[in-house]
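Please read the structure below before turning to the comments.
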Amino acid sequence: MAGGANRGAANLNDLMVEQGIDSEILNLRALSTWGARALALGQRRTNHYLSQALRSRDFFNLFFPFPSPQVAARHFDIINLHWCAGHIAPSFFARYADKLVVTLRDEWMFTGGCHYAQSCVRFEEGCSSCPIVAPGARKMVSQSAELKRRAFAKLQRPIIAIGESLARKARKSFVMAEREVVAIPNYVPPLTSSGVNPDENAHDYFLFVATHLDVPHKGADLLESIEAPL
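Structure follows, in structure tokens:
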């Protein structure tokens, strides 16, 4: 549970359970059979090794037309996807299009493979001529973006982004240009254990929450520009 996406999903699940909603977290152990689990693991490893061969920087995974393993045989009204970059197939969207709510936690869902496009804006045109992979692999990147566009076209609900800046980028993307993208700020539980009322002096300090601060896209460099206690 070290990652922000894991904590976000766990917090959301806990809040829903507190409200009396029958909710649970699905992962590989929730797949219907051992065969489905082996299929999902095999797809994930294939994606990982191929991405390792193609990429020229970290946080890059393609989107492949793998078979879709079925989730456990019980009725779900809603399936909420949280940060499943590189670990899901287009066929999953087709199978569960009427049930899916997608929560964007990075940019992978609307790029050809990058989790973070950083200064690159080619995702706005479908990631053609990707500058970070070898020329012979660029078609795979643009095809990955096209597969996502088709997959998202099947969804019946808005896309959720955990912040407005992420939502703005998604709305400009080739993949999600025709989708409704709604920003719902990421939930961080109030810090009350120290005796500090989170509603008092709300504008006197910043709370900066991140993991892996050595990764450039996490924004650690922005800390130097904030003229307030952290």
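Take the sequence shown: its letter number 34 is residue 41 in my numbering, and every next letter is one higher.
Cβ coordinates follow ideal geometry from the N, Cα and C atoms, glycine included.
The model shown is predicted, which means the values in this text are computed figures rather than measured ones.
Boundaries (first-last residue) of the beta strand (DSSP E) holding residue 190:
188-190
With distances taken between CB atoms, is the gap from residue 55 to residue 68 smaller than 9 Å?
yes
Nearest-angstrom beta carbon gap, residue 189 and residue 167 [assumed within contact, 8 Å]:
6 Å
Considering only residues of the segment 31-88, which uninterrupted alpha helix (DSSP H) runs meet the minimum length of 4 residues and lie entirely inside it, listed in chain order?
41-61
Taking all protein chains shown into account, do 16 or more other C-beta atoms lie within 10 angstroms of the C-beta of residue 191, making it buried, or fewer, making it exposed?
exposed
Can you list, in chain order, the residues of its chain with a C-beta nearer than 8 Å to that of residue 38? Leave out the 5 residues immediately preceding and following it.
44, 47, 76, 77, 78, 79
Buried/exposed call for residue 202, threshold 16 Cβ in 10 Å
Interpretation of residue 202 is limited by its pLDDT of 47, a score under 50 that renders its predicted location unreliable; the figure taken from the coordinates is listed afterwards. The residue in question, residue 202, is exposed, as its Cβ has fewer than 16 Cβ neighbours within 10 Å.
Tell me which residue opens and which closes the beta strand (DSSP E) that residue 168 is part of.
166-168
Going by the beta-carbon positions, is the gap between residue 118 and residue 90 smaller than 9 Å?
no
Between the CA atoms of residue 137 and residue 129 - distance to the nearest angstrom:
7 Å
Thinking just about the alpha-carbon of each residue, which of 102, 115, 31 is nearest to the one in residue 66?
115
Let me confirm a value: residue 88 is counted as buried when at least 16 other C-beta atoms fall within 10 Å, else exposed. Which label applies?
buried
Report the partner residues of residue 111 according to the DSSP bridge assignment.
168
Contact set for residue 92: own chain, Cβ-Cβ below 6 Å, skip 5 residues either direction:
68, 115, 122
From this set, 61, 24, 120, which residue's C-alpha is nearest residue 154's C-alpha?
120
Measuring alpha carbon to alpha carbon, tell me which residue in 158, 62, 134 is nearest residue 101.
158
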